[in-house]
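Chains as they are written, first to last, in this note's numbering: chain A, 9 to 118; chain B, 9 to 118.
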DNA sequence: TCTGGATATATCCAATATAGATATATCATC
DNA sequence: GATGATATATCTATATTGGATATATCCAGA
């Protein structure tokens, strides 16, 4: 297992969040993120999965389907993802306090 | 003015959020983001500012200080930043619903 | 049946983004 | 006048990403 990085790339964070509800596999992660307007190309996706495995932030788990490789969060992965989520949450909080999120959609004057 | 990109880089988003409360200049943005554990090197900072200007997402505004260049959000920049904030907020919401943010700090079992 | 599209994983390369070093200059203060 | 903070900017090396390409299985419909 490689050393754990102190920071996550955006792709890594998104993958960890997609795995938070429970184990999934590469293609499933891609589809689930796609529903949330997060687009990861296959290159980024599978390379990031490899790096997360090497860093011990996710682990491979059992499956009956030969085609799929199921992954789940490790404790270390969950902790890092939570830290990153809180960092981003602070940023969003600043945006909200500044009134950036109050225009319901387009066309509202600032 | 260059064409507006559909997506923001993390650095661009962070800069836009730092400008949300009101106009600021490069060094001020760097210090403010540093307080929120967001670290941008000068290279990333000033290149991103240049790109945001070219894309019309920020605009230069008046200042009395010769050394500083003050920037403010444009409507287009505010809209894009808000959209990105909501996208990230959805991601954080998923993490929260999955119980990822409930361990108060380290040492709590998942 | 055979054909196309969805499912699934993986690698490669070109383009983009970032960090950090370096450079320059002003300002305040000791 | 030396030092550290303020302020902007560029350069290079590294990191990250998107998209093309490849391979293979599965399933539904013509």
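The C-beta atom is built at its ideal place from N, Cα and C for all residues, glycine as well.
Since the structure is predicted, the reported quantities are computational estimates derived from the model, not experimental observations.
{"query": "Please classify residue 114 (chain B) as buried or exposed, where buried requires at least 16 other C-beta atoms within 10 Å of its C-beta.", "result": "At residue 114 (chain B) the pLDDT is 45, less than 50, meaning the model places this residue with poor confidence; the figure from the coordinates comes in the next sentence. Exposed is the call here."}
{"query": "Helix, strand or coil: how does DSSP classify residue 96 (chain B) here?", "result": "helix"}
{"query": "Would the beta-carbon of residue 69 (chain B) fall within 8 Å of that of residue 31 (chain B)?", "result": "yes"}
{"query": "Provide the residue(s) that pair with residue 69 (chain B) in DSSP beta bridges, ordered along the chain.", "result": "B:78"}
{"query": "Can you pull out the residues from the segment 92-111 of chain A whose beta carbon lies closer than 8 Å to at least one beta carbon of chain B?", "result": "93, 94, 95, 96, 97, 98, 99, 100, 102, 103, 104, 105, 106, 107, 108, 109 and 111"}
{"query": "Considering only their Cβ atoms, is the gap separating residue 24 (chain A) from residue 85 (chain A) smaller than 8 Å?", "result": "yes"}
{"query": "So if I threshold CB-CB distances at 8 Å, which residues from the segment 33-61 of chain B count as touching chain A?", "result": "44, 45 and 46"}
{"query": "Just list the residues that DSSP pairs residue 32 (chain B) with in beta bridges.", "result": "B:79"}
{"query": "Along the chain, where does the alpha helix (DSSP H) that runs through residue 64 (chain B) open and close?", "result": "No alpha helix (DSSP H) holds residue 64 (chain B); DSSP gives it neither H nor E."}
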